[in-house]
Every structure is written in C-alpha cells, then in structure tokens.
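Colleague: Attaching a single structure in structure tokens format; questions to follow.
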Amino acid sequence: MLGYGVGLRRQHYSHVLETRPQVDWFEVVSENFMVAGGRALEVLEGVRANYPIVMHGVSMSIGSTDPLNRSYLRQLRDLAGRFDPAWISDHLCWTGVGGRNLHDLLPLPYTEEAISHVVARIRNVQDILERPILIENVSSYMAFADSTMREWEFISAVANEADCGILLDINNIFVSAFNHKFDANDYIDAVPAERVVQYHLAGHSDHGTYLLDTHDHPVRDEVWTLYERAAQRFGAVSALVEWDDNIPEFAELAQIADRARTIFDANTIKRSAKPALPADHRA
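First residue of the sequence shown: 34, per our numbering; consecutive thereafter.
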C-alpha cells in the first residue's frame with residue numbers, strides 16, 4: 034500500500050523537484066524513461082530519491098500475436114533495476130500486429146483461447162523482468178462477437194492463471210460499462226480481491242451516445258461512487274490520479290489524490306464502527 038499518488042508529467046517536473054509536494058508516490062510512463070541519458074533520467078533520479086515510484090507501460094502489447102519484443106523487455110528490466118519501482122504494470126490489450134503499432138489500447142476477445150495465449154505471454158514477461166507485473170483493464174468501444182464471457186471474468190482468469198496482479202482502472206470500468214451497457218458494480222463485485230494492487234482514477238469525455246477515456250477532465254461523481262464501492266470491497270489499495278491532456282496545476286491533482294484518501298479513510302471508519310455481534314450470534 035503506497036498510498037495516494039499522481040502520475041508524473043513533464044509539466045510538473047520542476048515543481049516536483051523544487052518543492053517536494055506532499056503526495057505519497059508517483060507513477061511514471063515507462064517508455065518516457067527508456068532512453069540512454071538526458072533530462073528525463075535526471076528528473077527520475079531526483080524524484081526517486083524522495084518518493085516511491087511505479088512504472089506503467091503502454092507498449093508491451095501483451096495480447097498481440099506478434100512475438101514478444103525482447104529488446105523492449107530487456108530495456109524495461111534494466112530501467113527497473115536502476116530505479117527499483119514498487120511494481121511494473123501494463124495493459125491487458127494489444128497495440129499492434131504484423132509489426133505495425135496502431136498506437137491504441139485495443140481490447141481482446143474474451144475467450145478461453147485468448148486466456149491461454151495471454152497467460153503464457155505474461156508468464157514469459159515476468160520471467161524476463163524477474164518480477165511479477167500488474168495488468169490493467171482498458172476502456173473499450175467495440176466488442177468481439179465470439180467472446181464467451183464477461184470482461185471481469187476474463188481479467189480475473191488471466192490474473193489467477195498467470196499469477197500476476199491487477200491494476201483496476203475505475204474510470205475505464207465506468208466508461209466501458211456505459212458503452213457496452215453492463216452494470217459497473219458487477220465488475221467491482223467479481224474481481225478477485227487478492228489480485229487488486231492498484232487503482233487508476235481519471236476523467237473522460239462524454240459524447241452523448243458513448244464515453245471516451247481522454248484523461249483530460251476531473252473525475253466524475255459516478256466514478257467516485259464506484260471507487261467508494263471498490264474501497265469498501267478491496268480495502269487498502271494504492272490509488273493514482275491520471276491526467277494526460279489539458280493538465281492543471283499540480284495542486285489540483287494533489288487535491289484529487291487527497292479526496293481518494295478521504296473516501297478510503299471514511300469507509301475504514303464506517304467498517305470499524307460496526308457493532309460486534311454477541312459471541313453466540315457470530316457465524
């Protein structure tokens with residue numbers, strides 16, 4: 034449990050290094066620091082000296098049928114060896130095929146065949162990185178007609194069989210639930226609690242007939258409500274504020290992280306305040 038953090042973005046580099054703001058931890062986009070040298074690595078060294086970090090990637094393409102990019106994975110392993118992140122995460126998706134990168138996080142068919150395919154690749158990745166990883170649920174705008182299960186059944190099976198963790202993106206659940214007309218609460222209620230290691234909280238764009246995961250708006254009230262349900266079910270899980278476009282001042286992001294802390298603390302108090310049953314009425 035790292036606490037409540039903020040995604041490290043270029044606009045805030047100087048502020049973070051010079052003022053050491055009161056946040057618990059930072060998540061960094063792995064690919065932004067997989068370089069030979071320069072300002073980015075200097076910044077990360079300064080941040081890591083004062084805060085825990087997590088490395089979050091967008092290019093592993095764990096669901097693709099292309100061979101795993103072993104050169105990329107070795108660079109990722111070396112970066113992790115240098116900066117010692119609490120964990121490494123990426124998305125349960127594919128980003129390209131046939132050697133072409135589509136620069137998008139695309140959903141998988143929810144089938145037993147896809148589970149077997151992804152599980153084998155995650156195990157291979159964890160062997161190369163010499164550490165477990167977290168997989169994140171993506172927002173989606175299409176579905177495969179040959180899917181045989183719900184998304185939460187799919188990600189649960191993958192995490193259990195691959196023995197990896199889950200980065201539960203609360204906003205992505207809400208976006209996909211709206212787009213595909215399912216109950217977001219069902220997702221929260223079904224995911225294995227022992228696999229959930231981190232949350233993402235973010236904003237999205239409302240286009241009327243669909244929602245788009247843009248990370249450029251405040252967290253919606255409905256997403257906060259869903260986060261509260263997650264806090265009640267999963268207990269102490271590290272939460273992270275993502276904001277990638279129209280990025281506000283750092284203080285606003287820190288306030289959002291503090292709101293996540295307040296919601297969790299309030300639910301902890303509620304749980305501890307429940308009266309104990311008499312001994313002869315306990316199960």
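Even glycine gets a Cβ: it sits at the ideal position worked out from N, Cα and C.
Everything numeric in this text was worked out from a predicted model, so none of it was measured.
How would you call G38, buried or exposed, if buried means at least 16 neighbouring beta carbons within 10 angstroms?
Modeller: Taking the sequence shown and counting its residues from 1, one reaches residue 38 at position 5. When all chains shown are included, G38 counts as buried.
Colleague: What separation, rounded to the nearest whole angstrom, lies between the Cα atoms of A312 and L200?
Modeller: The residue you call residue 312 lines up with position 279 of the sequence shown. The residue you call residue 200 lines up with position 167 of the sequence shown. Caution applies to A312, whose pLDDT of 43 falls short of 50 and renders its modelled position unreliable; the value that the coordinates give is listed next. Roughly 38 angstroms between the two C-alpha positions.
Colleague: Classify D206 as helix, strand or coil using the three-state DSSP reduction.
Modeller: Position 173 of the sequence shown, counted from the first residue, corresponds to residue 206. First, the amino acid is wrong: residue 206 is Ile here, not Asp. Helix at I206.
Colleague: To which residues of the same chain is I155 closer than 8 angstroms at the C-beta, ignoring the five residues directly before and after it?
Modeller: Counting from one through the sequence shown, the residue named residue 155 turns up at place 122. Excluding positions up to five away in sequence, the list reads I95, I166, I168, V191, A195 and C197.
Colleague: Between the segment 137-152 and the segment 218-225, do at least 3 Cβ pairs fall closer than 8 angstroms?
Modeller: no
Colleague: Does the Cβ-Cβ distance between W185 and V224 come in under 8 angstroms?
Modeller: Here residue 185 refers to the residue found at position 152 when the sequence shown is read from its first residue. Here residue 224 refers to the residue found at position 191 when the sequence shown is read from its first residue. A Cβ-Cβ contact shorter than 8 angstroms links W185 with V224.
Colleague: By Cβ distance below 7 angstroms, which residues in the same chain neighbour D278 in space, the five residues on each side in sequence not counted?
Modeller: Residue mapping note: residue 278 aligns to position 245 of the sequence shown, counting from 1. Within the same chain, D278 has close Cβ partners T247, H248 and D249.
Colleague: Just reading off the beta strand (DSSP E) that A272 is part of, what are its end residues?
Modeller: Translated into the one-based positions of the sequence shown, residue 272 becomes position 239. Per DSSP, A272 belongs to the beta strand (DSSP E) from S271 to V274.
Colleague: Is the beta carbon of S173 sitting closer than 8 angstroms to the one on N134?
Modeller: Position 140 of the sequence shown, counted from the first residue, corresponds to residue 173. Position 101 of the sequence shown, counted from the first residue, corresponds to residue 134. Contact: no.
Colleague: Who pairs with Q231 in a beta bridge, going by DSSP?
Modeller: Here the question's residue 231 lines up with position 198 in the sequence shown. Per DSSP, L200 and S271.
Colleague: Looking at the secondary structure, which residues open and close the alpha helix (DSSP H) in which V76 lies?
Modeller: Sequence index remark: in the sequence shown, residue 76 carries index 43 (1-based). First-last of the alpha helix (DSSP H) with V76: R72 to R81.
Colleague: DSSP on G236, reduced to helix/strand/coil?
Modeller: If you number the sequence shown from 1, residue 236 lands on position 203. In the structure shown, G236 sits in coil (DSSP, three-state: anything other than H, G, I, E or B).
Colleague: Check whether the Cβ atoms of A119 and L35 sit closer than 8 angstroms, and answer yes or no.
Modeller: Translated into positions along the sequence shown, residue 119 becomes position 86. Translated into positions along the sequence shown, residue 35 becomes position 2. Against a cut-off of 8 angstroms, the Cβ pair of L35 and A119 comes out as a contact.
Colleague: Considering only the alpha carbon of each residue, which of S238, V68, T181 and I296 lies closest to I318?
Modeller: The chain is shown from 34 up to 316; residue 318 falls before or after that span and cannot be answered.
Colleague: Between the beta-carbon of H233 and the beta-carbon of N204, is there less than 8 angstroms?
Modeller: Mapped onto the sequence shown, residue 233 falls at position 200. Mapped onto the sequence shown, residue 204 falls at position 171. Yes, they are a contact pair.
Colleague: On a CA-only basis, which of V49, S189 and R164 is nearest L77? Give me that one, please.
Modeller: On the sequence shown, residue 77 is found 44 positions in, with the first residue counted as 1. That would be V49, whose Cα lies nearest to the Cα of L77.
Colleague: For R110, report the span of its alpha helix (DSSP H) as first-last.
Modeller: Within the sequence shown, residue 110 is the residue found at index 77, counting from 1. Here the alpha helix (DSSP H) through R110 covers R103 to F116.
Colleague: Do L125 and V171 have their beta-carbon atoms positioned less than 8 angstroms apart in this structure?
Modeller: Position 138 of the sequence shown, counting from 1, holds the residue named residue 171. Position 92 of the sequence shown, counting from 1, holds the residue named residue 125. Cβ distance < 8 angstroms, so V171 and L125 count as in contact.
Colleague: Leaving out five residues on either side along the sequence, give the residues of the same chain with a beta carbon under 7 angstroms from the beta carbon of R262.
Modeller: What you label residue 262 is simply residue 229 of the sequence shown in a count that begins at 1. Cβ neighbours of R262 beyond the five flanking positions: N218 and I221.
Colleague: Just the Cα atoms here: how many angstroms apart are E275 and P281?
Modeller: Taking the sequence shown and counting its residues from 1, the one referred to as residue 275 is at position 242. Taking the sequence shown and counting its residues from 1, the one referred to as residue 281 is at position 248. Between E275 and P281, the C-alpha separation is close to 11 angstroms.
Colleague: Name the residue from G129, A284 and L138 whose alpha carbon lies nearest to the alpha carbon of N102.
Modeller: If you number the sequence shown from 1, residue 102 lands on position 69. Taking only the C-alpha atoms, the option nearest N102 is G129.
Colleague: Please name the residue, chosen from D57, Q55, V87 and N65, that lies closest to R43 on a Cα-to-Cα basis.
Modeller: Counting from 1 along the sequence shown, the entry for residue 43 is found at position 10. Among D57, Q55, V87 and N65, the Cα nearest to that of R43 is on N65.
Colleague: Could you tell me whether the Cβ of R81 comes closer than 8 angstroms to any Cβ of chain D?
Modeller: As a matter of chain content, chain D is missing from the structure shown, which is built from one protein chain.
Colleague: Mind checking which residues open and close the alpha helix (DSSP H) that includes W185?
Modeller: Residue numbering aside, residue 185 sits at position 152 when the sequence shown is read from its first letter. Counting along the chain, the alpha helix (DSSP H) containing W185 begins and ends at E184 to A195.
Colleague: Closest to N300 by CA distance: which of A290, F207, A269 and D117 is it?
Modeller: Sequence index remark: in the sequence shown, residue 300 carries index 267 (1-based). Looking only at A290, F207, A269 and D117, the smallest Cα-Cα distance to N300 is reached by A269.
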